[in-house]
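See structure below.
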Amino acid sequence: MNNIKENLYNECQSFIDNRFETIQHMIKDIQESLTSETKSSAGDKHETGRAMLQLEREKAGQQLAEIQKVNQLLSKIDVSKSTKIIGLGSIAYTTQANYFVAVSAGEFIVAHEKFYAISANTPIGRLLLGKTTGDKVQFRDQNFEIITII
38 MNNIKENLYN
48 ECQSFIDNRF
58 ETIQHMIKDI
68 QESLTSETKS
78 SAGDKHETGR
88 AMLQLEREKA
98 GQQLAEIQKV
108 NQLLSKIDVS
118 KSTKIIGLGS
128 IAYTTQANYF
138 VAVSAGEFIV
148 AHEKFYAISA
158 NTPIGRLLLG
168 KTTGDKVQFR
178 DQNFEIITII
């Protein structure tokens, strides 16, 4: 069972690593565009282009900081731990879907089962936190029960 948690953790880590690389590549491209842009005869147009690139670089920098925070959060998860109460790092099997409470990374198939990697800050994550086996949850006009927690 913990093998599933370890696999889900690794999938989330891969997701974060890919996102991190994409953002770094974007920042590098923006930086290259900024340094290669030469002053043209249309000065105002040049300044506008540089300002737009600066804004893009700031936005990418914020995304990079956010993904680093998410990575830090993921690193706090101990995949060898199993609890009876849903918290960060828990896998919740429900009558509706299976959830890995870690980071928002989407859907993964592990051991022929579908799991949704969700953040504890998402609406469904907040509903699941603190729940135990047998608890019933209502989310978006759907009722479901928690079957197992790992």
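So the mapping is simple: the working numbering equals the position in the sequence shown, first residue as 1, plus 37.
By construction, the Cβ of each residue, glycine as well, lies at the ideal position given by its N, Cα and C atoms.
Review point. Does DSSP put GLY124 in a helix, in a strand, or in coil?
Key: Start at 1 with the first residue of the sequence shown, and residue 124 comes out as number 87. Looking at GLY124 - three-state DSSP - the assignment turns out to be coil, as it is neither helix nor strand.
Practice item. Hey, could you find the ends of the beta strand (DSSP E) GLY143 is sitting in? Key: Counting from one through the sequence shown, the residue named residue 143 turns up at place 106. Note, GLY143: beta strand (DSSP E), 143 to 147.
Check your understanding: Do VAL147 and ILE53 have their C-beta atoms closer together than 9 Å?
Key -> Mapped onto the sequence shown, residue 147 falls at position 110. Mapped onto the sequence shown, residue 53 falls at position 16. No.
Point to revise | Contact under 9 Å by Cβ, ALA129 with TYR46 | key: Along the sequence shown, read from residue 1 onward, the residue named residue 129 stands at position 92. Along the sequence shown, read from residue 1 onward, the residue named residue 46 stands at position 9. In this structure, TYR46 does not lie closer than 9 Å to ALA129 by Cβ.
Review point. For GLN175, which residues does DSSP report across the bridge?
Key: In the sequence shown, counting from the first residue as 1, residue 175 sits at position 138. GLN175 is bridged to ASN180.
Practice item. Identify whether ILE155 lies in helix, strand or coil by the three-state DSSP scheme. Key: Here the question's residue 155 lines up with position 118 in the sequence shown. It is a strand residue.
**Study point:** Burial state of ALA88, where buried means 16 or more other Cβ atoms lie within 10 Å
**Key:** If you number the sequence shown from 1, residue 88 lands on position 51. Looking at its Cβ environment, which holds fewer than 16 other Cβ atoms inside 10 Å, ALA88 is exposed.
Check your understanding: With C-beta atoms as the reference, is ILE104 less than 9 Å away from ILE60?
Key -> To locate residue 104, count along the sequence shown from 1; it is residue 67. To locate residue 60, count along the sequence shown from 1; it is residue 23. Their beta carbons are under 9 Å apart, which means ILE104 touches ILE60 by this criterion.
Check your understanding: Assuming ILE122 and GLY162 make a contact with CB atoms under 8 Å, what is their CB distance in whole Å?
Key -> Residue 122 sits at position 85 when you count from the first residue of the sequence shown. Residue 162 sits at position 125 when you count from the first residue of the sequence shown. Actually they do not touch by this definition, with Cβ atoms about 14 Å apart.
Review point. Hey, quick one: how far does the alpha helix (DSSP H) through GLY167 stretch, first residue to last?
Key: Residue numbering aside, residue 167 sits at position 130 when the sequence shown is read from its first letter. Going by DSSP, GLY167 is part of no alpha helix (DSSP H) at all; its letter is neither H nor E.
Point to revise | Cα-Cα separation between GLY124 and ILE64, rounded to whole angstroms | key: Residue 124 sits at position 87 when you count from the first residue of the sequence shown. Residue 64 sits at position 27 when you count from the first residue of the sequence shown. Between GLY124 and ILE64, the C-alpha separation is close to 35 Å.
Review point. In chain order, what residues of the same chain lie with their CB nearer than 6 Å to the CB of SER78, ignoring the 5 residues before and after it?
Key: Residue 78 sits at position 41 when you count from the first residue of the sequence shown. Residue placement at SER78 is poorly supported in this model, since its pLDDT is 45, which falls under 50; the coordinates still yield a value, given next. Excluding sequence positions up to five before and after SER78, its CB lies less than 6 Å from no other CB in the same chain.
Point to revise | Spatially closest choice to THR132 from ILE183, LEU165 and LYS118, by CA coordinates | key: Within the sequence shown, residue 132 is the residue found at index 95, counting from 1. Looking at the Cα atoms, ILE183 is the closest of the given residues.
Review point. How many angstroms separate the CA atom of VAL107 from the CA atom of LYS151?
Key: Within the sequence shown, numbered from 1, the residue matching residue 107 stands at position 70. Within the sequence shown, numbered from 1, the residue matching residue 151 stands at position 114. Each residue's alpha carbon lies about 22 Å from the other.
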